[in-house]
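*Asks:* In this note's numbering, the protein residues as written are 1241 to 1965. All C-beta atoms, glycine included, are put in the ideal place defined by N, C-alpha and C. What you are looking at is a predicted structure, and each value in this text was computed from that prediction instead of being measured.
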Ligand code: ADP
Ligand code: ZN
Ligand code: ZN
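(1) Which residues bound the alpha helix (DSSP H) around residue 1878?
(2) Just to confirm the assignment: which complete alpha helix (DSSP H) runs, minimum length 4, are found wholly within the region 1837-1862?
(3) State buried or exposed for residue 1252, treating a residue as buried only when at least 16 other CB atoms are found within 10 Å of its CB.
(4) Exposed or buried, what is residue 1400 when buried is set at 16 or more other beta-carbons lying within 10 Å of its beta-carbon?
(5) Does the distance between the C-beta of residue 1724 and the nearest non-hydrogen atom of ligand 2 fall short of 6 Å?
(6) Is the separation between the beta-carbon of residue 1775 and that of residue 1798 shorter than 7 Å?
(7) Taking the alpha-carbon positions, what's the residue 1926 to residue 1901 distance?
(8) Roughly how many angstroms lie between the CA atoms of residue 1652 and residue 1865, to the nearest whole one?
(9) Between which residues of its own chain and residue 1293 is the CB-CB distance below 6 Å, once the five residues before and five after are set aside?
(10) So what's residue 1428 in DSSP terms, helix, strand or just coil?
(11) Can you tell me whether DSSP reads residue 1959 as helix, strand or coil?
(12) Let me know if residue 1337 comes out buried or exposed under the rule of 16 or more other beta-carbons within 10 Å of its beta-carbon.
(13) Going by beta carbon distance, what residues of the same chain come within less than 6 Å of residue 1525, once the five residues before and after it are set aside?
(14) Measuring from the CB of residue 1824, is there a heavy atom of ligand 1 at a distance below 6 Å?
(15) Enumerate, from N- to C-terminal direction, the unbroken alpha helix (DSSP H) stretches of 4 or more residues contained entirely within the region 1293-1380.
(16) Among the candidates 1789, 1711, 1665, 1721, whose CA atom is the shortest distance from the CA of residue 1683?
(17) From what residue to what residue does the beta strand (DSSP E) around residue 1619 run?
(18) If you follow the beta strand (DSSP E) that residue 1677 is in, where does it begin and where does it stop?
(19) Can you tell me where the beta strand (DSSP E) holding residue 1260 begins and where it ends?
(20) Residues in the same chain with beta-carbon distance under 6 Å from residue 1432, minus the five sequence neighbours each way, listed in chain order, please.
(21) Secondary structure at residue 1710, three-state DSSP: helix, strand or coil?
(22) Is the region 1912-1926 touching the region 1867-1874, taking contact as three or more C-beta pairs under 8 Å?
(23) Does DSSP classify residue 1211 as helix, strand or coil?
(24) Does the structure place the region 1493-1506 close enough to the region 1577-1595 that three or more beta carbon pairs sit under 8 Å?
(25) Less than 6 Å separating the Cβ of residue 1720 from some heavy atom of ligand 4?
(26) How many whole angstroms separate the CB atoms of residue 1341 and residue 1364, which I take to be in contact at a CB cut-off of 8 Å?
(27) Compute the Euclidean distance between the alpha carbons of residue 1716 and residue 1685, then round it to the nearest angstrom.
(28) Is residue 1681 near ligand 2, in the sense that its beta carbon is under 6 Å from a heavy atom of that ligand?
(29) Does the region 1639-1652 come within contact of the region 1833-1848, defined as at least 3 CB pairs closer than 8 Å?
(30) By DSSP, does residue 1929 sit in helix, in strand, or in coil?
(31) Would the C-beta of residue 1678 count as close to ligand 2, meaning under 6 Å from any of its heavy atoms?
(32) Span of the beta strand (DSSP E) holding residue 1391?
(33) Quick check: the Cα distance between residue 1246 and residue 1256, rounded to an integer number of angstroms?
(34) Residue 1465 by DSSP, collapsed to three states: which one?
(35) Do residue 1438 and residue 1476 come within 7 Å of each other at the CB atom, strictly closer than that value?
(36) Below 8 Å on the Cβ atoms is my contact criterion, and I expect residue 1827 with residue 1626 to pass it. Report the Cβ-Cβ distance as a whole number of Å.
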C-alpha cells in the first residue's frame, strides 16, 4: 500500500505531497495524521490518499511511514478533498487548509478525573530486539488487534505488563491519551422548551420548499428584518435533527448575536454546541470530538465551524450571509459561502443563506437560478417597517446648525426620551483610512479612473487611489462647487456620546464599539443593560446593527450615513445600504412603528435613497449595473497581491519580483494595477505593498498566481478581498 501524504512544512516552491510506503502491520486511513521520515529528520503529515503499489513506486524505493499520531483520522475523507480544493481555489498550501480544520490541540486533557480515562493505542511499529522483545511484541499485537484499550482495564487484567507498556510508549510504538468518558447528556422529555411558533404563510412556504428540495440544494432566504427568518431555520433544523442529521448554523460573530444564540439554546437545549474564537483550546477540542462522534446535533458558530468534522451534515445555515466576517482574510483565505457550496455539492447538505440585504453575489446567483430563491416580504404580526427620514446635512450647515445632530434627529430624540422610550445612534465608521470631503456639496474627492474615493495619506500630504494607484496633491477648492471648506472626515463614538450628554444631560448613555466591547461578556452586559432599559441611548458602530431585537427602541439615528460611501472599496454602496437597512430594522419591533433618521452629506446617492424606501431591488438594479460596467464581482474577480516585510527595502524588492512575474498576465487579458504602497502602508511594523489584478479567472492565470504564492512566502494573494486597506 502507498500513501500520499501532505507534509506539515512550508517549503517554498516545493511540491507538498509525497508518497510513502505503508508498513503491513500498520493500519492507516485517509485523513489520518502520520509520522514520516523527511530528509534527515522526522515530520508530520496528513494522508490524502491510499493506493496499491505500482512498479513505478517499487523503483522509487519509497520510505515507510513511521507511525500514526492518533488512532483515528483527524479529517473525514471529504475534508481531505476540501483542503485540496481550497489549496487551488484560494492559492494556499494544502497544509494551511488542514490546519484551519484541526484544532490546535486535539488531545483531550482531563477536565476532572471522573470524566476522562486513559486509552492505549498503537502509533508505530515495535522495533525492539533481544530479551524483552517477545513480551513487548505480545502486548503491542494485543493492542493493535483491539484497536485501542482502556489502560485501566488492560492493567487490571495484566498487571505484569505495566513496565512493558511503559517501554512501548517510550519507544514510540504505543501512545496513551485521555479520552472523555461517554457523558453524552440525555435529553429528558420533561425539560420544557418554548414551543415553536405557528408559522405564517410565508414562513411555512419557506420551510416546505427547503425541506422538500433535493439534497445539496442551495437557497437564498431573502426576508426583510423581522420577517421571521430565524424561525424558519429553527423549524427546518428541528426536522433535520429528528431525522438524525447534524446541522451547522453560522453567525457573523457569536458575541454580537447573543439573541440568536439564545434562541437556538432555548429551542434545542444541550443538543447545541457553540464554536467561537474565545473558546479555550480544550473546549475547542471537546466540541470538535463531540461533533466527530456525532454527539452534537447542532453547532452554532463562527466561520471556522464550517470545517468541523460532521459525519451526517444535513444543513448549513449562514445567517446574515452578507457580512464581511464570512471572508477569512488570512491563510487560508476562504469565503465561507463558497465552502458551504462545496459542502452542498460533495456531502449533500442543504445550504440556506439568510439575509434582509443579500450580498450582490448571492442576489445575482438567485436571479440567475444558480441557487433557489425564497422571499419573505412581511414583518411578523403585521408590523410595518419604520418610516425613514433623510436629512441633508449640507443644508443643516447652511442654515446655521453646526451640531453633529440635525434638527430632525434632535426633535425625535427629545420626543423619545420624554416618552421613556429608547434610541440607538449609529456611527458608520470603519477602518483607519481617512478621506477628504467637501462640507458644502458633500462630495469626496474621487479617482477619475475607478469611481472610488481617494484615500488621504497624511505623511505624503497626498491623495491616492487604491485601485489604480492614481496620486494627486490635496486640492484647495472643491472641483464640484468651488467651496474652500474641504476637510478630512471623521467623528468617533466618543464624540457622539459627549454631544448627547451635552444636549440631554439626564439621558443615560451606553457606548458600544471595539474599544468598549472587548469580550463576549462585556457585550452581553451591554445588551442586557439596554434590553432591561437601564440606559436610554445606545451609541455604537455598525457592530451593533445586526441581529438585535429591542422592543422599546422607537428612534434610530444614523449620524453620518455616507462615511462608508467614501471608503476605497468597490463594495462601499453595498455596505452603506446594508447598514442603513439593518439599522432601520432595529426599530419598529414593538407596537410603535418607530422612526429612523438618516443624516447624510450626499443624500441623493442611490444607496441612501433605496434604503429610504426599503427597496433591495431598487438598490440591486443600480449596483449590479455598476459592477458590470467596471468588471467587479460577480462579473469579474479581483486579486489582491500583498507583500509585507519588516524591512521596507526587502518588501520593495520582493514586490518588484512579484510585479515582474505577474507581468505576463496582461497578455491574458488581466488588468494589472500597481505596485504601490498599501492604503495603510505600515501595519504592526511591517511595510505593505499592493498589486491589484482585475479580470476573469482561467486555469492558466491561476497556475501563475499559484506559483507566485508558493515561491514568495512574504506575498499573499486574496481573491475578491473584503478589506483593501
Ligand atoms: P428575522 O430573523 O427575519 O429578523 P425573527 O425570526 O427574529 O426575524 O422574528 C422576529 C420576531 O418574531 C421574533 O421575536 C420571533 O420570535 C417572532 N416570530 C417569528 N415567527 C413568528 C410566528 N410565526 N409567530 C409569532 N411570532 C413569530
Ligand atoms: Zn463641494
Ligand atoms: Zn483609481
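*Replies:* From the atom records:
(1) By 1-based counting over the chain shown, the position of residue 1878 is 638. Careful: residue 1878 lies outside any alpha helix (DSSP H), inside the beta strand (DSSP E) at 1877-1885.
(2) Taking only runs of at least 4 residues, the alpha helix (DSSP H) segments lying wholly in the region 1837-1862 are 1846-1852.
(3) Position 12 of the chain shown holds residue 1252. Counting the other CB atoms within 10 Å of its CB gives residue 1252 a total below 16, which places it among the exposed residues.
(4) Position 160 of the chain shown holds residue 1400. Classification for residue 1400: exposed.
(5) Translated into the one-based positions of the chain shown, residue 1724 becomes position 484. No, since every heavy atom of ligand 2 falls outside the 6 Å radius drawn around the Cβ of residue 1724.
(6) Working through the chain shown from its first residue, we reach residue 1775 at position 535. Working through the chain shown from its first residue, we reach residue 1798 at position 558. For the pair residue 1775 and residue 1798, the CB atoms are not nearer than the 7 Å cut-off.
(7) Stepping through the chain shown from its first residue, residue 1926 is reached at position 686. Stepping through the chain shown from its first residue, residue 1901 is reached at position 661. Pairing residue 1926 with residue 1901, the inter-Cα distance amounts to about 23 Å.
(8) The residue you call residue 1652 lines up with position 412 of the chain shown. The residue you call residue 1865 lines up with position 625 of the chain shown. Straight through space, the alpha carbons of residue 1865 and residue 1652 are spaced by roughly 37 Å.
(9) Against the chain shown, residue 1293 aligns to sequence position 53. Cβ neighbours of residue 1293 beyond the five flanking positions: 1242.
(10) On the chain shown, residue 1428 is found 188 positions in, with the first residue counted as 1. Low local confidence applies: a pLDDT of 36 at residue 1428 is under 50, so the model's placement there is unreliable, and no value is given.
(11) Numbered from 1 along the chain shown, position 719 holds the residue referred to as residue 1959. Residue state, collapsed to three classes: strand.
(12) Sequence index remark: in the chain shown, residue 1337 carries index 97 (1-based). Label assigned to residue 1337: buried.
(13) Numbered from its first residue, the chain shown carries residue 1525 at position 285. Within the same chain, and ignoring the five residues on either side of residue 1525 in sequence, the residues whose Cβ sits closer than 6 Å to its Cβ are 1343, 1345, 1346, 1348.
(14) Indexing the chain shown from 1 puts residue 1824 at position 584. Outside the cutoff, so no.
(15) Secondary structure in the region 1293-1380: the alpha helix (DSSP H) runs of 4 residues or longer, each lying completely within the stretch, are 1295-1300, 1317-1329, 1334-1341 in chain order.
(16) The count along the chain shown starts at 1 and reaches residue 1683 at position 443. Out of 1789, 1711, 1665, 1721, 1721 has the C-alpha closest to the C-alpha of residue 1683.
(17) As a position in the chain shown, residue 1619 is number 379, starting the count at 1. That residue, residue 1619, is in no beta strand (DSSP E); it is neither H nor E in DSSP.
(18) For the purposes of this step, residue 1677 is identified with residue 437 of the chain shown, where counting begins at 1. Element bounds for residue 1677: 1676-1678.
(19) Start at 1 with the first residue of the chain shown, and residue 1260 comes out as number 20. Segment 1257-1261, the beta strand (DSSP E) holding residue 1260.
(20) Here residue 1432 corresponds to residue number 192 of the chain shown, with the count starting at 1. For residue 1432, the pLDDT reaches just 44, beneath the cut-off of 50, and the residue's location in the model is therefore unreliable, although a value from the coordinates is still provided. Contacts found: none.
(21) As a first step, residue 1710 is located in the chain shown; it is residue number 470 there, counting from the start. If DSSP states are grouped into helix, strand and coil, residue 1710 belongs with coil.
(22) Contact between the region 1912-1926 and the region 1867-1874 is absent, because fewer than three Cβ pairs lie under 8 Å.
(23) The requested residue 1211 is not part of the displayed model; the chain covers only 1241 to 1965.
(24) no
(25) Within the structure as shown, ligand 4 is missing, the only ligands being ligand 1, ligand 2 and ligand 3.
(26) Residue 1341 sits at position 101 when you count from the first residue of the chain shown. Residue 1364 sits at position 124 when you count from the first residue of the chain shown. No, residue 1341 and residue 1364 are not in contact; Cβ-Cβ is about 24 Å, not under 8 Å.
(27) Mapped onto the chain shown, residue 1716 falls at position 476. Mapped onto the chain shown, residue 1685 falls at position 445. Each residue's Cα considered, the two are about 11 Å apart.
(28) As a position in the chain shown, residue 1681 is number 441, starting the count at 1. Yes, the Cβ of residue 1681 comes within 6 Å of a heavy atom of ligand 2.
(29) Yes: at least three Cβ pairs fall under 8 Å.
(30) Mapped onto the chain shown, residue 1929 falls at position 689. Residue 1929: strand per DSSP, three-state reduction.
(31) For the purposes of this step, residue 1678 is identified with residue 438 of the chain shown, where counting begins at 1. Yes.
(32) Walking along the chain shown from the start, residue 1391 turns up at place 151. Unbroken run through residue 1391 is the alpha helix (DSSP H), 1391-1397; no beta strand (DSSP E).
(33) Within the chain shown, the letter at position 6 stands for residue 1246. Within the chain shown, the letter at position 16 stands for residue 1256. Taking the Cα positions, residue 1246 is about 6 Å away from residue 1256.
(34) Taking the chain shown and counting its residues from 1, one reaches residue 1465 at position 225. In this structure, residue 1465 counts as coil in the three-state DSSP scheme.
(35) Start at 1 with the first residue of the chain shown, and residue 1476 comes out as number 236. Start at 1 with the first residue of the chain shown, and residue 1438 comes out as number 198. Not closer than 7 Å, so no.
(36) The residue you call residue 1827 lines up with position 587 of the chain shown. The residue you call residue 1626 lines up with position 386 of the chain shown. Contact holds; Cβ gap of about 5 Å.
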